[in-house]
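Participant: For the sequence shown, the residue numbers in numbering that gives the first Met the number 0 are 0 to 341.
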Amino acid sequence: MTIDRSETRSIARDAEITATFDTARTWIRDGRAHVPLPGSGGTWERWSRLLELAREDLPAARIVEAHLDAVAILAELAEPDAASVDSGDLWAVWAAEPPTPRVVATPASRGWTLDGTKAWCSAASFATHALLTAEADAASGPRLFRVDLRDAGVTPEARTWASAGMAATDTGEVSFAGVPALTVGGPTAYLERAGFWHGGIGVACCWWGGAQGLIDLMSERLRKRGSDLAESHLGACIAWDTVVTGALRAAASDVDAAPHDVPSARRRALALRSLIDRACTDVITRFGRAFGASPFATDAGAAQRIADLQVYVRQSHAESDEAALARFVLDECPPFERERTP
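Below you can see the structure in the form of structure tokens.
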């Protein structure tokens, strides 16, 4: 008898995806994902909860972070009667804008209709609603819309995700055919608000929570069998954790002090995401240097955590964002004046 290994892997992945969304829904239903809005005075409570959830289950935290981001966006941009989220809803935010494929929004008698295919849609088969960007006006760029994903014109495409990393987030393409949608905010409001940048730090909190999970695994292994070399790598990771956690706590205080300051929010988010990207990369490297190939090859839990974090942290735009940070500082800040000597 021939065993269809591809079918076996598909069944296993489906089970993994279902378990991840069960966890995410449980966190939302049981209140673990009930956190203050960014800039409301409880930003550190919000971010520390994201750290906690991602430390426990990074893919599930990725889903919850998007849901919480959608709630925050609606609270900031939507009309009061359109900002509510029902307890059984699971929201996604689909705002990636690759050259292709695209979604086009067309004015209709009541609102808009969406047609086309959206890429990089997490929770593609599980979310009940989404905030997504679509082409509405060539002059102003993509605009943000809210859509009920239970509409008959919404079709999640067949899964093509190749990596084991973040496979449980059910990320793929979703097609739209005449799907009703409503605008959220003005034509350029989504990208021009401080909350866009606050949300970017929320994503980075999940990255670091995933790294904290790896640091926990390092600690567990070294309690059983230590070595000076491995302990030096753990010490470096603990130092990273002290720096990153302190930076996030300070940033949360700054956000609460000036929640609508867009220039400060942008600079803060670009800098913190760069810091956390580099810290995560170093933790992954040090985990491998501390223990060699063994956990990658024989410890399914460790291998999955590493793969998840490697994929997720690449949501950072790395050097592109660092160049943007440099340009922002050069444009917005006065030049350093060299002291003149007679």
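Glycine included, each C-beta is placed from N, C-alpha and C at the ideal position.
(1) Measure the CB-CB distance between A118 and P97 and report whether it falls below 8 Å.
(2) Helix, strand or coil for S174? Go by DSSP, reduced to three states.
(3) Check whether the Cβ atoms of V63 and L52 lie closer than 8 Å to each other.
(4) Could you spell out where the beta strand (DSSP E) holding P141 opens and where it closes?
(5) Taking the straight line between their C-alpha atoms, what separation do you get for A133 and I200?
(6) Pull up the DSSP beta-bridge partners for L181, would you.
(7) Spatial neighbours of E78 within its chain, please: C-beta separation below 8 Å, excluding the five flanking residues on both sides.
(8) Measure the beta-carbon distance from V178 to T112 and round it to whole angstroms, keeping in mind my assumption that it falls under 8 Å.
(9) Using 10 angstroms around the beta-carbon of T170, count the other beta-carbons present and answer buried if the total reaches 16, otherwise exposed.
(10) I need the DSSP call for C332, collapsed to helix, strand or coil.
(11) Is any non-hydrogen atom of the ligand PLP found closer than 7 Å to the C-beta of A299, if you look at the structure I gave you?
(12) Sorted by chain position, which residues of the same chain lie with C-beta nearer than 7 Å to R149's C-beta, five sequence neighbours on each side aside?
(13) Spatial neighbours of W93 within its chain, please: C-beta separation below 6 Å, excluding the five flanking residues on both sides.
(14) Restricting to Cα atoms, I'd like to know which of I16, P58 and D29 is closest to V202.
(15) Three or more C-beta pairs under 8 Å: does that hold for the stretch 244 to 252 against the stretch 316 to 325?
(16) Return yes when the Cβ of P35 is within less than 8 Å of the Cβ of E44, no when it is not.
Facilitator: Short version:
(1) yes
(2) strand
(3) yes
(4) G140 to D147
(5) 24 Å
(6) R145
(7) none
(8) 6 Å
(9) buried
(10) coil
(11) With respect to small molecules bound, the structure shown includes none, and the ligand PLP cannot be examined in it.
(12) T127
(13) K117, C120, A129 and L131
(14) P58
(15) no
(16) yes
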